[in-house]
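Residue numbers (our numbering): 8 to 606.
We put the CB at the ideal spot given by N, CA and C, even for glycine.
Since we're looking at a predicted model, the values are computed, not measured.
For reference, the structure discussed in these notes is given below.
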């Protein structure tokens, strides 16, 4: 039996090490399959981490979970499934998201883990006797021996244990990232995660075992002193420290209907303090606070939606200029680009209606932005001094659907300039090709321009860049948020046109963050008043004894902290209008751990 166990540990470790080495080289692989019904995924630093809502984990970790049904069904490995490995039935084709392993299966892994760490000095036969004892004690006679020794955390621990020198792996062993296993909470404690994290100094000194439980209920009962006493007893401590955390949501969007998903824009206030006096303690005045903003760029319902559409079209042109291929967006106008440009040029021939034409275009854009959120009008209004090129950009950016449209539109414009039909006015400072042609037309002579290759694309791209730069200058200076010197990096024409597009895009992201702050963050006294009367969306206490990784965490939140479990949500009919807040479901998390030393 033991050769099979050793071989399994060696193969499992080598497979994890391979993934880890490739990740360090920047190679990101899909999850790999282990034992036919389990998949392993390496979450890189900075990627969405399923543990972040519980442990603020944002580093590299291995996640092990049940293989999705469609992958399992197409697997060539056919293996009878015992009762211990069965999970709840799921309808075919349903998008079930991450899948958890049964707690019974994962819990045995921790049993094996403790076995391997505490009996390293015993011969193989003694280990076998102890496993037989545990099987008998737990009444698990029907569980195959290999089922224990070939699983997950136990093999992970075996490979890292420096006392396991007989394993055929390179020594000293490379410390791998923490390993976490999704669990289905089918046990009385509601276990949703089991984890193992190595303790390293100059070498691997031990391992910390984590158990995370989660429950959902309308009521909860916990005592801070009980949590502290339990931590002291578990880790043989006489003194512990406590640290509290509270998170308040200042803004979070919800889905309005089936066609418009909830926005990812959120603004939260995170507060921390120490010590903690009681569960759900209000943050004291000495707390540390951090404001976190997450702004979804280009949100359809956002106050800058009209500007985002222009930026998106600008990026289409930049990609087309770089690659020679453009994926034109759907037009916003009913009329074609050629029709709109021809009408625009005809209007310019009627000098008495030129001002009305400008006013009409400006009002259309104002209406589009005001339809999203009228409060933005005081923050970001469309400029009233749009010149010829900027009005042309408005018409073409919402109607051009092909390269041929560009050629035909600019042909009409150049012909009108050559005939002297129009003498449009422009802002100073533009270096675009169209601006040069317009200035030349004032003197009756114009350079010959061949509208072929990338020239039409570049001409419209230059116009759009000039327009957006002026928009940003108008806002930042008008709101007294920056000077021209501050904006020089973003608006300079001295770099190549692709770099100019990139910098304008960065400036747009900055604008989105600023506008979100202005709209959704109340003045300081209103914010503080609200916080003293509202409950936080998340409240957490950490109990520790000086060692960073060894801690007990209790958390209360109003949303599910794990994404692989389904909790009962009361129907609208179950809640009364006045009792809706009192009847809502709360989620409690408890994180406990044990540290095991290898030496």
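Item: DSSP beta-bridge partners for residue 280?; Value: 251
Item: Do you know how far the Cα of residue 597 is from the Cα of residue 73?; Value: 23 angstroms
Item: Keeping to the same chain, check which residues put their C-beta closer than 6 angstroms to that of residue 19; ignore five residues upstream and five downstream.; Value: 162
Item: Shortest alpha-carbon distance to residue 427 belongs to which of 412, 438, 413, 444?; Value: 444
Item: Use the C-beta contact count for residue 503: other C-beta atoms within 10 angstroms, 16 or more gives buried, fewer gives exposed.; Value: exposed
Item: Residues bridged to residue 9 by DSSP?; Value: Bridge partners of residue 9: none, in fact.
Item: According to DSSP, simplified to helix, strand and coil, what is residue 432?; Value: coil
Item: Quick check for students: name the residue ranges of the beta strand (DSSP E) that lie wholly in the region 471 to 534, counting only runs of 3 or more.; Value: none
Item: Considering only C-alpha positions, which residue in the set 247, 544, 315, 474 is nearest to residue 553?; Value: 247
Item: Tell me which residue opens and which closes the alpha helix (DSSP H) that residue 232 is part of.; Value: 231 to 242
Item: Would you list the one or two residues that DSSP bridges to residue 39?; Value: 47
Item: Residue 605 and residue 168 - do their beta-carbons sit closer together than 7 angstroms?; Value: yes
Item: Starting from the Cα of residue 465, find the closest Cα among 323, 68, 294 and give me that residue.; Value: 323
Item: Would you call the CB atoms of residue 206 and residue 213 closer than 7 angstroms?; Value: yes
Item: Does DSSP put residue 602 in a helix, a strand or coil?; Value: strand
Item: Hey, residue 60 and residue 568: beta-carbon distance below 7 angstroms or not?; Value: yes
Item: Let me make sure I understand the geometry here. Which of 239, 300, 525 has the alpha-carbon closest to that of residue 599?; Value: 239
Item: Can you grab the Cα-Cα spacing for the pair residue 39 / residue 54, in whole Å?; Value: 18 angstroms
Item: Taking the alpha carbon of residue 276 as the reference point, which residue from 543, 409, 572 has its own alpha carbon closest?; Value: 543
Item: Compare the C-alpha of residue 446 against each of 421, 249, 398, 191 and name the closest.; Value: 421
Item: Between the Cα of residue 57 and those of 222, 436, 570, spot the shortest distance and give me the residue it belongs to.; Value: 570
Item: For residue 459, tell me which candidate among 442, 413, 186 has the shortest Cα-Cα distance.; Value: 413
Item: Ignore the nearest five residues each way along the sequence and tell me which others in residue 52's own chain have a CB closer than 6 angstroms to its CB.; Value: 66, 67
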